[in-house]
Amino acid sequence: MRVENSNGQSETVATSKAVKDNAEIYYDNDDSDRFYFHVWGGEDIHVGLYKEPVDQDEIREASLRTDEWLAGELAMTGVLQGQAKGLDLGAGYGGAARFLVRKFGVSIDCLNIAPVQNKRNEEYNIEAGLADKITVKYGSFLEIPCEDNSYDFIWSQDAFLHSPDKLKVFQECARVLKPRGVMAITDPMKEDGIDKSSIQPILDRIKLHDMGSLVLYRSLAKECGLVTLRTFSRPDSLVHHYSKVKAELIKRSTEIASFCSPQFQANMKRGLDHWIEGGKAGKLTWGGMLFRKCDEI
Numbered sequence: 030m031r032v033e034n035s036n037g038q039s040e041t042v043a044t045s046k047a048v049k050d051n052a053e054i055y056y057d058n059d060d061s062d063r064f065y066f067h068v069w070g071g072e073d074i075h076v077g078l079y080k081e082p083v084d085q086d087e088i089r090e091a092s093l094r095t096d097e098w099l100a101g102e103l104a105m106t107g108v109l110q111g112q113a114k115g116l117d118l119g120a121g122y123g124g125a126a127r128f129l130v131r132k133f134g135v136s137i138d139c140l141n142i143a144p145v146q147n148k149r150n151e152e153y154n155i156e157a158g159l160a161d162k163i164t165v166k167y168g169s170f171l172e173i174p175c176e177d178n179s180y181d182f183i184w185s186q187d188a189f190l191h192s193p194d195k196l197k198v199f200q201e202c203a204r205v206l207k208p209r210g211v212m213a214i215t216d217p218m219k220e221d222g223i224d225k226s227s228i229q230p231i232l233d234r235i236k237l238h239d240m241g242s243l244v245l246y247r248s249l250a251k252e253c254g255l256v257t258l259r260t261f262s263r264p265d266s267l268v269h270h271y272s273k274v275k276a277e278l279i280k281r282s283t284e285i286a287s288f289c290s291p292q293f294q295a296n297m298k299r300g301l302d303h304w305i306e307g308g309k310a311g312k313l314t315w316g317g318m319l320f321r322k323c324d325e326i
């Protein structure tokens, strides 16, 4: 496994396969699949953008607003043309890919580590009549299975945090992006300047050495020949989303007990509390960033 030091540089400590296995084990099991599918958001399993009052909003609608917002930011760069080809890293159930295909007519490869999610993604694509525009691939963004300069854009929502080697992720993204291609990402992050010791419970839950930050991602992007176009920080969205998921977990506990184990529910609630507390304490945020690949690296 490779993990980062405080500068995001890689330090070899075991095998990268161990990290991939951690993410796959977490997402590719019945408890996780059922919870994320039935409770977290269905087709979309990322942080949502909520309307006030938050407790009356729905997770699925909030998650779709995130797709709409990020797509709008990406569209302003000019890369979402009809013949464009994109890559969704950590695509989950493929909700964002289908949204982009329907709205912009692009084609997308979905790369994801959990076979059970990939299966649902493929089924959704067939039902939607979009299987000819969306290809689902199993794999890790530490080793993207495609040629150099393959994609006009890269899209990733709340997935980079699972990587222990974020430098390698940025290197891979820069490799597969075409010159002048654009990458749009969102990610739960630690606030700039926060020491990892203060967020240790969260790191323990996601089995990582550290988290990314806006400063770190800008630095890694620059090192890999990617120019930062825009940066967003929305700590309130992180708190709203995890609070909403926790509220659903409590409100629907009897229903959820029919498809998730008591241990999974307890662990999930404990993990959500850590995220909420970290956001309220100013230690965590939910960030969005757009990068463009230079003509030459």
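Quick note: to get the numbering used here, add 29 to the position in the sequence shown (first position is 1).
Note that CB positions come from ideal geometry on N, CA and C, so glycine has one too.
If you reduce the DSSP assignment to three classes, tell me which class M297 lands in.
Position 268 of the sequence shown, counted from the start, is the residue given in the question as residue 297. Three-state result, M297: helix.
In its own chain, which residues sit with a C-beta less than 8 Å from the C-beta of L103, not counting the 5 before and 5 after it?
Along the sequence shown, read from residue 1 onward, the residue named residue 103 stands at position 74. Around L103: L109, F182, W184, V211, A213 and L319.
If you draw a straight line from the alpha carbon of L78 to that of L267, how long is it in whole angstroms?
Your numbering for residue 78 matches position 49 in the sequence shown. Your numbering for residue 267 matches position 238 in the sequence shown. When rounded, the distance between both Cα atoms is 9 Å.
Rounded C-beta distance between A120 and N150? I'm assuming under 8 Å.
Start at 1 with the first residue of the sequence shown, and residue 120 comes out as number 91. Start at 1 with the first residue of the sequence shown, and residue 150 comes out as number 121. Confirmed, Cβ separation roughly 7 Å.
Which of helix, strand or coil does DSSP assign to I183?
By 1-based counting over the sequence shown, the position of residue 183 is 154. Here I183 sits in strand by DSSP.
Between L206 and W98, what straight-line distance do the alpha-carbon atoms span, to the nearest angstrom?
As a working mapping, residue 206 is identified with position 177 in the sequence shown. As a working mapping, residue 98 is identified with position 69 in the sequence shown. If I take the Cα positions, the gap works out to 22 Å.
Note the first and the last residue of the continuous alpha helix (DSSP H) segment covering S272.
On the sequence shown, residue 272 is found 243 positions in, with the first residue counted as 1. Counting along the chain, the alpha helix (DSSP H) containing S272 begins and ends at P264 to K280.
L206 bridges to which residues according to DSSP?
Residue 206 sits at position 177 when you count from the first residue of the sequence shown. Paired residue(s): Y180.
Drop a sphere of 10 angstroms on the beta-carbon of A126, count the other beta-carbons inside from all chains shown, and report buried for 16 or more, exposed for fewer.
Translated into positions along the sequence shown, residue 126 becomes position 97. Buried, by the Cβ-count rule.
Just verifying my parser: in three-state terms, what is the DSSP assignment at A160?
Numbered from 1 along the sequence shown, position 131 holds the residue referred to as residue 160. Residue state, collapsed to three classes: coil.
For K273, does the count of other Cβ atoms within 10 angstroms reach 16, so buried, or fall short, so exposed?
The residue you call residue 273 lines up with position 244 of the sequence shown. Counting Cβ neighbours within 10 Å, K273 comes out buried, since at least 16 surround it.
Counting pairs of Cβ atoms below 8 Å between the stretch 284-302 and the stretch 238-246, do you hit three or more?
As far as the Cβ criterion goes, the stretch 284-302 does not touch the stretch 238-246, which means the pair count is below three.
Give the C-beta separation of D187 and D216 to the nearest angstrom, bearing in mind that I take them to be a contact with Cβ-Cβ under 8 Å.
Here residue 187 corresponds to residue number 158 of the sequence shown, with the count starting at 1. Here residue 216 corresponds to residue number 187 of the sequence shown, with the count starting at 1. That belief holds up - the Cβ atoms of D187 and D216 are roughly 6 Å apart, short of 8 Å.
Between A143, L140, A100 and I142, which has its C-alpha nearest R131's C-alpha?
As a working mapping, residue 131 is identified with position 102 in the sequence shown. Here the closest residue by C-alpha is A100.
Output needed for E72: all residues of its chain with C-beta closer than 6 Å, excluding positions within five of it in sequence on either side, in chain order.
Numbered from its first residue, the sequence shown carries residue 72 at position 43. If we look at E72 and ignore the five residues flanking it on each side, its Cβ neighbours are Y122 and G124.
Looking at the structure shown, is A43 part of a helix, part of a strand, or coil, going by DSSP?
For the purposes of this step, residue 43 is taken as the residue at position 14 of the sequence shown. Because A43 sits at a pLDDT of 44, beneath the cut-off of 50, its placement in the model cannot be relied upon, and the following sentence gives the value as read from the coordinates. Residue state, collapsed to three classes: coil.
How many angstroms separate the CA atom of D138 from the CA atom of V198?
As a first step, residue 138 must be located in the sequence shown, where it is residue number 109. As a first step, residue 198 must be located in the sequence shown, where it is residue number 169. Going by the C-alpha atoms only, they are around 17 Å apart.
Beta-carbon within less than 6 Å of F288's beta-carbon, same chain only, minus the 5 sequence neighbours each way: which residues are those?
As a working note, residue 288 is residue 259 in the sequence shown. Result list for F288: R63, in chain order.
Spell out the partners DSSP gives V320 in its beta bridges.
As a working mapping, residue 320 is identified with position 291 in the sequence shown. Checking the sequence, you will find Phe at residue 320 rather than Val. According to DSSP, F320 bridges with M212 and T257.
Output the boundary residues of the beta strand (DSSP E) element that contains D117.
The residue labelled residue 117 in the question sits at position 88 within the sequence shown. Unbroken beta strand (DSSP E) run through D117: K114 to L118.
For R209, which of K114, K322 and E284 has the nearest alpha-carbon?
For this step, residue 209 is matched to residue 180 along the sequence shown. Nearest of K114, K322 and E284 to R209, Cα basis: K322.
Which residues bound the alpha helix (DSSP H) around D60?
Position 31 of the sequence shown holds residue 60. Segment D59 to F64, the alpha helix (DSSP H) holding D60.
So what does S192 bridge to, in DSSP terms?
Residue mapping note: residue 192 aligns to position 163 of the sequence shown, counting from 1. Answer is none; S192 lacks a bridge partner.
Have a look at D161, I285, L258 and Y167 and flag the residue whose alpha-carbon is nearest the alpha-carbon of A143.
Translated into positions along the sequence shown, residue 143 becomes position 114. Checking every option, the nearest Cα to that of A143 belongs to Y167.
Assuming S192 contacts K162 under a Cβ cut-off of 8 Å, what Cβ separation, rounded to an integer in Å, is found between them?
Numbered from 1 along the sequence shown, position 163 holds the residue referred to as residue 192. Numbered from 1 along the sequence shown, position 133 holds the residue referred to as residue 162. At roughly 27 Å, the Cβ-Cβ gap does not stay under 8 Å, so S192 and K162 are not in contact.
Taking all protein chains shown into account, decide if G317 is buried (16 or more other Cβ within 10 angstroms of its Cβ) or exposed.
Your numbering for residue 317 matches position 288 in the sequence shown. Result: buried.
Could you tell me which residues DSSP pairs with L313 in its beta bridges?
As a first step, residue 313 is located in the sequence shown; it is residue number 284 there, counting from the start. Answer is K219.
Nearest chain D C-beta to N150 closer than 8 Å, yes or no?
Protein chains in the displayed structure number just one, and chain D is not present.
Pull up the distance between the alpha-carbon of E306 and that of D59, whole angstroms please.
Taking the first residue of the sequence shown as position 1, residue 306 is located at position 277. Taking the first residue of the sequence shown as position 1, residue 59 is located at position 30. About 28 Å.
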